[in-house]
Amino acid sequence: MSEEDSELERLKAKRLAEMQKNISSKQEIEKTSELTKDKPLENPRDLLVNRLGFRGLEVLENAESQFPNEVKIIVEKLSELIKTGEIDEIIDGGKLLTLFRSIGLNIRMATKINVEQDGKFVSLSDKLSNQSSDNGDN
Numbered sequence: 068m069s070e071e072d073s074e075l076e077r078l079k080a081k082r083l084a085e086m087q088k089n090i091s092s093k094q095e096i097e098k099t100s101e102l103t104k105d106k107p108l109e110n111p112r113d114l115l116v117n118r119l120g121f122r123g124l125e126v127l128e129n130a131e132s133q134f135p136n137e138v139k140i141i142v143e144k145l146s147e148l149i150k151t152g153e154i155d156e157i158i159d160g161g162k163l164l165t166l167f168r169s170i171g172l173n174i175r176m177a178t179k180i181n182v183e184q185d186g187k188f189v190s191l192s193d194k195l196s197n198q199s200s201d202n203g204d205n
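Numbers 68 to 205, taken from this note's numbering, label the letters of the sequence shown in order.
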């Protein structure tokens, strides 16, 4: 019987050690999660920039230069929506421009139209100026 008792005590000790290890690991996880909560929150603009897709940053920079105060408020609201998970998709430049225009901010974007000429892409203004100079020579 003493053999069974010693085996039982050994199993109890092993189980107790496992439980203590689990408790200590849970406490460490809780501490690290508390530390991440205590860290200063990420800059709202940086959070939004990480979610921007094709030409999104270009639209955001144009908007910030043209309407700095209004865009700051919009960026804060968008970052809140991203944090809460209501916005979980990539925001491309077209979507961002549509958003700004729908709330009344007419963001002006630099547009450039390229056309193919002799196997190369040239700007439309260059092509038209070349054609007008060719016509003026005749």
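Where a beta carbon is used, it is the ideal one built from N, C-alpha and C, also for glycine.
All of these numbers come straight from a predicted model, not from anything done at the bench.
CA-to-CA distance, residue j to residue i, given in whole angstroms
i    : j    : result
E74  : P111 : 59 Å
D201 : S190 : 17 Å
K179 : G160 : 16 Å
G70  : E76  : The amino acid occupying residue 70 in the given sequence is Glu; Gly does not appear at that position. Rounded to whole angstroms, E70 to E76 spans 10 Å at the Cα level.
N129 : N136 : 13 Å
K106 : K187 : Confidence is the limiting factor: at K106 the pLDDT is only 49, short of 50, which leaves the residue's position unreliable and the question unanswerable from this model.
A80  : S100 : 30 Å
K139 : Q133 : 11 Å
L210 : R175 : The structure shown does not extend to residue 210, since the chain is modelled only from 68 through 205, so no value can be given for it.
E143 : L114 : 9 Å
R168 : N181 : 25 Å
D72  : R82  : 15 Å
E125 : E109 : 21 Å
D193 : L172 : 31 Å
E95  : A84  : 17 Å
S199 : T151 : 57 Å
G120 : E156 : 9 Å
I141 : V116 : 13 Å
Host beta strand (DSSP E) of residue i (start-end)
i    : result
K179 : It is not in any beta strand (DSSP E) - K179 carries neither H nor E in the DSSP assignment.
Integer-rounded CB distance, given that residue j should sit under 8 Å from residue i
i    : j    : result
I158 : R118 : 6 Å
L163 : L195 : In fact, because the Cβ distance is near 31 Å, the residues do not count as touching under 8 Å.
I154 : L145 : 7 Å
- Any chance you could list the alpha helix (DSSP H) runs of at least 4 consecutive residues sitting entirely within the region 107–135, in chain order? 111–117 and 123–133
- Item | Whole runs of the alpha helix (DSSP H) within the region 138–195, excluding any shorter than 4 residues | 160–169
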